[in-house]
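In the working numbering, the protein residues as written are 69 to 359. As structure tokens, the structure follows; a few thoughts come after it.
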């Protein structure tokens, strides 16, 4: 589904980037509601920074927020000018999860289904996206907000951050966040978080594999950008192929995984950038990537 969505958006040029070094994504690329968009997105030198921008509501993943995030992720996703995406947030809370006001019986079951289905599509889109997606977390990430962090390919957090799946405390077990959480941290860690709702610190999250790195708050943006710039300097076709294959082989048995990845290595060698990288290494020069 995500791949079809990416193809549907096409590959338009990003000439507007040259007008502003951190240019906002073009206004017409997503639907707008009656109020301001709950996310903002800017792109520079292959790095797109998507910001959850509703701190007054603790960056709750309302249906509007989810659709806005989805649109920012899909926008010209196949463009060769896009190399990596960073998802960050305004305010002291990265995201508090779903907007509970949307989950009361004042809304219909069909509306509730749309909220959870849209959320699931966004999380799958992150994994199926052709470029790496990095979460830059400074603050609290709970429930579907924790799910968002767990769904990203890389997650860098400040030492002031914490993570929880507290739905059980209000009678709404975090079943959908458990999908991403249970595929990221050990089962017993996930279940303790899900059964108790108690938060874990950034250091605990790092220890259990929810995070890639923890840094002091003042170093968070610098370290995240360092990783993003490194990825942006590499061949997009090679990174995209590698990301897709990594997730494809994970659920397979060992023999099937090696079969799939061996074929991918053959395909990788056949890529223009695969040959360029090999020849550059042999000739002791810097490779010149196609994108």
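Glycine is no exception: its CB is placed at the ideal position from the N, C-alpha and C atoms.
Between the alpha carbons of residue 212 and residue 117 lies a gap of roughly 20 Å.
Cα atoms of residue 282 and residue 155: separation of roughly 16 Å, rounded to the nearest angstrom.
The closest CA to that of residue 225, considering only 249, 337, 286, is found on 286. Ranked by Cα distance from residue 275, the first of 252, 132, 262 is 252. DSSP links residue 210 through a beta bridge to 232. Counting along the chain, the unbroken beta strand (DSSP E) around residue 162 starts and ends at 161-163. Segment contact: the segment 239-246 against the segment 254-264, three or more CB-CB distances shorter than 8 Å; contact assigned. DSSP places residue 248 in the uninterrupted alpha helix (DSSP H) bounded by 243-250.
Taken atom to atom, the span from the alpha-carbon of residue 267 to that of residue 201 is near 24 Å.
In the DSSP annotation of this structure, residue 316 is not part of any beta strand (DSSP E); the continuous alpha helix (DSSP H) holding it starts and ends at 304-317. Between the C-alpha atoms of residue 127 and residue 138 there is a straight-line separation of about 15 Å. Three or more Cβ pairs drawn from the segment 220-234 and the segment 202-211 lie within less than 8 Å of each other, which places the two stretches in contact. Collapsing the DSSP output to three states places residue 151 in coil. For residue 217, the closest of 129, 167, 180 by C-alpha to C-alpha distance is 129. By the Cβ-count criterion, residue 336 is buried, with 16 or more other Cβ atoms from all chains shown falling within 10 Å of its own Cβ.
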